[in-house]
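For the sequence shown, the residue numbers in our numbering are 18 to 147.
We put the beta carbon where it would ideally sit given N, CA and C, even for glycine.
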Amino acid sequence: MIVSERVSERMLDLGMTQSELARRVGVKQPTIYKLLRTSKKGSTHLHKIARELGTTPAYLSGETDDPFEDAPAPPVLSCEEMEWVELFRRMDDGQRAAALTLLRPLVDPSPAPHPTMHKQGSFAMRKETT
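As structure tokens, then:
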């Protein structure tokens, strides 16, 4: 039960939801839910979970009592970058998708092919329904 307690504690300290942790680790939210609600001693994703929670697998599994001993240093962000991150974290999934749709072309202005254009450059004909 130590793993679930310590993961919950770190999430609470960081103000992180199960969904957010799952997104950062690259798993589905039910995976995090199961880890928090069962008496499993670990997870195949424990290293990634520890990294995202700013601690070590040793702390999460109960091998040490110091959550910061040998923990990787958090990345240094500028005030502006921290503001971007904070805004992004406060968005729901739909808002995040919309924001990314708007931002990607600003960062990578190479035009993507139009979805109705064939490789040869001719346009696809749409069948009109009445």
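Where does T34 land, buried or exposed, given buried means 16+ other C-beta within 10 angstroms? Around the beta carbon of T34, a 10 Å sphere encloses fewer than 16 other beta carbons of the protein chains shown; the residue is thus reported as exposed.
Using 8 Å as the threshold, is the stretch 105-112 in touch with the stretch 70-81, meaning 3 or more CB pairs across them? Flag = no, the stretch 105-112 and the stretch 70-81 do not touch.
Quick one: does the C-beta of A39 sit closer than 7 Å to a heavy atom of the ligand FAD? The ligand FAD is not among the ligands present in this structure, which contains no ligands whatsoever.
Determine the direct distance from the alpha carbon of A116 to that of P122, and round the result to whole angstroms. So the two alpha carbons sit approximately 11 Å from each other.
Could you give the C-beta distance for S25 and L53, rounded to a whole number, given that I count them as a contact under 8 Å? Confirmed, Cβ separation roughly 6 Å.
Contiguous alpha helix (DSSP H) assignments of at least 4 residues, all confined to the stretch 44-110: Qualifying alpha helix (DSSP H) stretches, in chain order: 46-54, 63-69, 74-77 and 96-107.
With 16 other Cβ atoms within 10 Å as the buried cut-off, status of M99: A residue is called buried once 16 or more other Cβ atoms fall within 10 Å of its Cβ, and M99, having fewer, is exposed.
Can you tell me whether M28 is helix, strand or coil according to DSSP? In the three-state reduction of the DSSP assignment, M28 falls in the helix class.
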